[in-house]
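Q: Structure provided below as structure tokens; questions to follow.
Numbering (the numbering used here), first residue to last: 1 to 152.
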């Protein structure tokens with residue numbers, strides 16, 4: 001029996017804040033930011049077997065370009081490479097891909113690599129509520145550490 005996909009808030013390793021859809025909007029193109037956790041729907045993400053991070057049931061974490069620093073956003077799920085954050089295993093929801101693990105619900109902070117750009121989800125050195133996140137080249141910085149935790 002396959003375990004259900006991990007679902008919860010995605011917490012950044014460099015601060016005690018979570019991935020958050022700005023203004024609780026469900027429109028394509030809305031930026032993803034960091035914010036204190038509170039269990040709202042705009043902070044509840046599911047890591048799917050197709051390597052997507054989904055919010056609201058049909059919006060995916062999306063990298064709008066392959067450029068370093070491109071701000072993460074939500075977009076209707078298409079399955080495109082810019083909406084996939086690593087490759088899943090047959091047995092589970094995430095695996096090792098070029099040396100980096102992606103989000104899992106084991107309680108471990110891990111890095112998240114965009115399949116399309118090859119860049120990593122990054123807090124970009126920002127720590128305040130409302131700060132946008134983006135993608136950046138491979139780093140050992142805590143800005144690239146994430147984990148799914150139960151909604152607070």
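A virtual CB, placed ideally from N, CA and C, is assigned to each residue, including glycine. Bear in mind that the values here come from a model prediction, so they are computed numbers and not experimental data.
#1: Give every residue of the same chain whose Cβ lies closer than 7 Å to the Cβ of residue 54, excluding the five residues on either side of it in the sequence, and list them in chain order.
#2: Helix, strand or coil, according to DSSP, for residue 26 in the structure here?
#3: In this structure, how does DSSP classify residue 81 when only helix, strand and coil are distinguished?
#4: Would you report the Cα separation of residue 82 and residue 52, rounded to the nearest angstrom?
#5: For residue 150, which residues from the same chain have a beta carbon less than 8 Å from its beta carbon, with the 5 sequence-adjacent residues on both sides left out?
#6: To the nearest angstrom, how far is it from the Cα of residue 109 to the Cα of residue 15?
#7: Between residue 17 and residue 80, what straight-line distance do the alpha-carbon atoms span, to the nearest angstrom?
#8: Which residues does DSSP list as the beta-bridge partners of residue 135?
A: Reading off the structure:
#1: Closer than 7 Å at the Cβ level, and outside the excluded window around residue 54, lie 45, 46, 48, 60 and 77.
#2: In the structure shown, residue 26 sits in coil (DSSP, three-state: anything other than H, G, I, E or B).
#3: In this structure, residue 81 counts as helix in the three-state DSSP scheme.
#4: When the Cα atoms are used, residue 82 and residue 52 turn out to be separated by approximately 10 Å.
#5: These residues qualify, in order along the chain: 8 and 9.
#6: CA-to-CA, the gap between residue 109 and residue 15 works out to about 12 Å.
#7: Put simply, the backbone Cα of residue 17 is about 28 Å away from that of residue 80.
#8: In DSSP, residue 135 forms a bridge with 121.
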